[in-house]
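These notes are about the structure you will find just below.
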Amino acid sequence: MKIDSNQLPELIRLQQLLVEATKLDTRIRQLQTGESAEAIRVVLLEQSAKASQMLADHEEVERDVRRAEADLELVENRISKDKQRLAVSSDSKVITGIQHELESLAKRQGELEEAQLILMESIDQSNLEQEAIQLERKRLQAELSAATESAALDIANLSTELSTVNGEMAEIRKAVSAELVELFDKIRVRGTAVGKLKDSTCGACNMNLTSTAVGQLSAVPNDELARCPECSAILVR
Ligand SMILES: [Zn+2]
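For what it's worth, this note's numbering labels the leading residue of the sequence shown as 227, then goes sequentially.
Structure representation (structure tokens):
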């Protein structure tokens, strides 16, 4: 095939641009799947589930507190009634009975007050934990929108870069002869389409060519196409 040897370096550039375009395209697709945001979304969901569980636990403790309050109120009412009865009683048997009851009521009152303290402590603790988890969720939501924004920006930048690369490739394809471009595309399907011949090494397959092969290649005139006998790549001499 007759060629304009000045067009060959353009094919090397075209080959580099193709690699670059593939890389850019892969990165854009990766970003479009939103994988960076997805990881945050998963953690956020876990935190939300945890927050709901904590709220349910918290409500249960609050029910326990109300129950303890009601119990305590009953005991206190009973104590005040007993004290009134004691004040007006003169029968020593009745008095002893009331005093016994007051003793056990005082004990019960103490127990309920202690239980109430413990419950109040766990409510305080639960409030702190819930505040912490809400803060963490806010932080994750901010992180999620930042990740989404930065991915969108990256996609926009990479797309601009890709269209520049595509534009340059289109220019090269117009500038190089159609026959050469066609051959380039045909070889490219199988592997590297073009390489520089450096001493006796093919830049496409990195094979060391035999001196016979190198001799044959040197005999190919400059305006004729030379190809690597090992990988069939177009050689730039
Ligand atoms: Zn080769």
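In this text, a Cβ means the ideal position worked out from N, Cα and C, and glycines have one as well.
| query | result |
| --- | --- |
| Minimum C-alpha distance to residue 182 - residue among 301, 371, 285 | With the chain represented from 227 up to 463, any question about residue 182 goes unanswered, as that position is not in the structure. |
| Extent of the continuous alpha helix (DSSP H) to which residue 443 belongs | 437-445 |
| Given residue 390 as reference, the closest of 240, 233, 311 once Cα atoms are compared | 240 |
| First and last residue of the uninterrupted alpha helix (DSSP H) at residue 254 | 234-258 |
| Residue 407: first and last residue of the uninterrupted alpha helix (DSSP H) it sits in | 404-414 |
| Option nearest residue 364 by Cα separation, candidates 289, 292, 266, 431 | 266 |
| CA-to-CA distance, residue 387 to residue 352, given in whole angstroms | 52 angstroms |
| Best match in 429, 439, 436 for proximity to residue 235 [C-alpha to C-alpha] | 429 |
| Meets three-Cβ-pair contact criterion under 8 angstroms: the stretch 288-296 and the stretch 336-347 | yes |
| Residues bridged to residue 422 (per DSSP) | 462 |
| Coarse secondary structure for residue 353, derived from DSSP in three states | helix |
| Sequence-distant residues of the same chain with beta carbon closer than 7 angstroms to residue 243, five excluded per side | 391, 394, 395 |
| Start and end residues, alpha helix (DSSP H) containing residue 453 | Premise fails: residue 453 is in no alpha helix (DSSP H) and is neither H nor E. |
| Pair within 8 angstroms by beta-carbon distance, residue 465 and residue 421 | Here the chain covers residues 227 to 463 and nothing more, so residue 465 does not appear. |
| Three-way DSSP call (helix, strand, coil) for residue 432 in this model | coil |
| Chain-ordered residues, beta carbon under 7 angstroms from a heavy atom of ligand 1 | 421, 428, 430, 431, 433, 454, 456, 457, 459 |
| Reference residue 255, options 442, 384, 403, closest by Cα | 384 |
| Cutoff 6 angstroms; reference residue 434; Cβ partners in own chain excluding five residues on either side | 426, 427 |
| Residue range of the alpha helix (DSSP H) that includes residue 229 | Segment: none, residue 229 is in no alpha helix (DSSP H) and carries neither H nor E. |
| Under 8 angstroms between C-beta atoms of residue 423 and residue 229 | no |
| Cβ separation of residue 356 and residue 281, assumed to be a contact under 8 angstroms, to the nearest whole Å | 7 angstroms |
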